[in-house]
Each structure stands twice: as C-alpha cells, then as structure tokens.
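Numbering (the working numbering), first residue to last: 4 to 274.
By construction, the Cβ of each residue, glycine as well, lies at the ideal position given by its N, Cα and C atoms.
Quantities reported herein were computed from a predicted structural model and do not represent experimental measurements.
Working notes, structure below.
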C-alpha cells in the first residue's frame, strides 16, 4: 500500500488548476542530468533505445527529453490531471494512469530504461523496485534523480524561507522524506548492479517574484497548510515579506527579480 503521506500528496495533485501551475512552474531538469543517464545507458550494450518508462512523470518535465532518444516513451503517473498537462503533439509519447508500484499495462522485460524523477521518496521502494525489475529488460538501465530545496541568492530572503519552512510550516513537512532528498538517496538500498551516483549539478535561474511565488504554491506543505486552514494567509505573508526584502521600493511581483538555484543529482544502476 502507499504511505499515508504519498496518498495525501496524490490528493493534493488532483485538480486541474494545481496540475497547470505545477506544469508551468516546476523547474526543468538540466541537460547534464539526461546526458549522464544516456551516457551510462549508451555503455550498456545489452539494452537498446526502443522503450523508456518514466514513472511518477507528473506533467512530463522529465519525460519529454527522453522522447528525443527512444522510439517510444511511456509516462506513468497516478494523477490523470497531471498527465492531461503533458504536451500533446509528441507522437512517440504515451501517458498511462497507474501507481509506481503496479503498472500492469507494461509487460515483463519490455523497457530499456526506467526512470523516476523527484518522486522515489514518495513511493513504496520495495514494491516499486520489484515492479521496475519486472519491466526492465535484462541489462536495462534504472535511473532515479531529483533535487533538493531551492536556494535564493539573497541571504535575507533565503533565511526567511528557511524559517517559514522549518519553523512556521514544520508540521506540514514530511521531514523523513525531505531528508532522503537531502542525503541524495544514499540511505535507499537500490537492488541494481553497477550503481553510479552523480555529483551535484547546479541550475541557476533568474525569475520574477511572481513566478517564484507560484513555484512555492506547488509544494506539498503549502497545500497541506491550506487544506487545514482554508482561510489561511501564509502565501500573503510570504509575498509581503519577500517584497520588503527584494523589492528595493518596488511592490509589483511581476517586476521584482529573484535568483534561484537548485542542486540536482541522479543514481543509476543496471538490472
């Protein structure tokens, strides 16, 4: 069974409005992540590039780049609303509604590559690994990747966001899951051979404060806060404070700029 936390996250992801914000405001993965996966896979002579399966694909941030390298790509997600926001005009891409731990529409030993981006900390790893092993061809590649909480270049803004998360909203954080990401999945036992762990891959983006606030709205702890406090004003508080810190007299969130960075990483293995 899925964990209570994962079930709660699934409920949060239901709804077209959330899925659209998620699709447009979550960061795209750096090309170096996919290059690392493809280079590793390219050294894997027994497996080819016929079928890639991206599990917990959401709206396709980690799925679309695979379509350039594989004859067919299947994006699997438990949320039909998320899948509906994947790009439509990609002929070799198919979306399937299923949990990570049970994907019956995929046959045994059919996939050259199985990926899971920014989600392995939410699934039942034992059952998911069993399913990934079932789907993978002998010698096929497994890839888990993700990124830790963003950092803001402005020191005062970063201190404020850390305080908001780990003090004011701590009860809504699933701390053990966040620790898995912070530890770069090192405490997860991957049942694959030839394991390879990347170094951190930094991505830095300058965006408007409006975009950053919408990005924050996609996080589980913000949404869980509002589920418990429908009339709450935490986003208004965050917006007000970040305008004061970053605005330099400007109060239009469309005009205020913020520099944001993430550290991405991956873990690769072979069946």
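Inter-residue Cα distance where the pair is residue 4 and residue 205: Summary for residue 4: the model assigns pLDDT 35, below 50, so the residue's position carries little reliability, and this model does not support an answer.
By DSSP, does residue 61 sit in helix, in strand, or in coil? coil
Report the residue ranges of all alpha helix (DSSP H) runs contained in full by the segment 171-209; include only those spanning at least 4 residues, in chain order. 178-185
Curious, which full-length alpha helix (DSSP H) runs of at least 4 residues does the segment 208-273 contain? 212-219, 223-231, 237-249
Do residue 57 and residue 36 have their C-beta atoms closer together than 8 Å? no
For the pair the segment 117-129 and the segment 142-161, tell me if three or more CB-CB distances fall below 8 Å. yes
If I follow the unbroken alpha helix (DSSP H) through residue 43, where does it start and stop? 34-45
Please state the DSSP three-state secondary structure of residue 103. coil
Would you give the residue range spanned by the alpha helix (DSSP H) that residue 159 belongs to? 158-166
Quick one: Cα of residue 79 to Cα of residue 66, how far? 9 Å
Can you check whether the CB of residue 167 is closer than 8 Å to the CB of residue 259? no
Which residues in the same chain as residue 185 place their Cβ atom closer than 7 Å to its Cβ, once the five residues preceding and following it in sequence are excluded? 151
In the DSSP assignment, the beta strand (DSSP E) including residue 169 goes from what residue to what residue? Run containing residue 169: none; DSSP gives neither H nor E here.
Where the alpha helix (DSSP H) containing residue 152 begins and where it ends: Premise fails: residue 152 is in no alpha helix (DSSP H) and is neither H nor E.
DSSP beta-bridge partners for residue 114? 139
Are the CB atoms of residue 274 and residue 142 nearer to each other than 8 Å? yes
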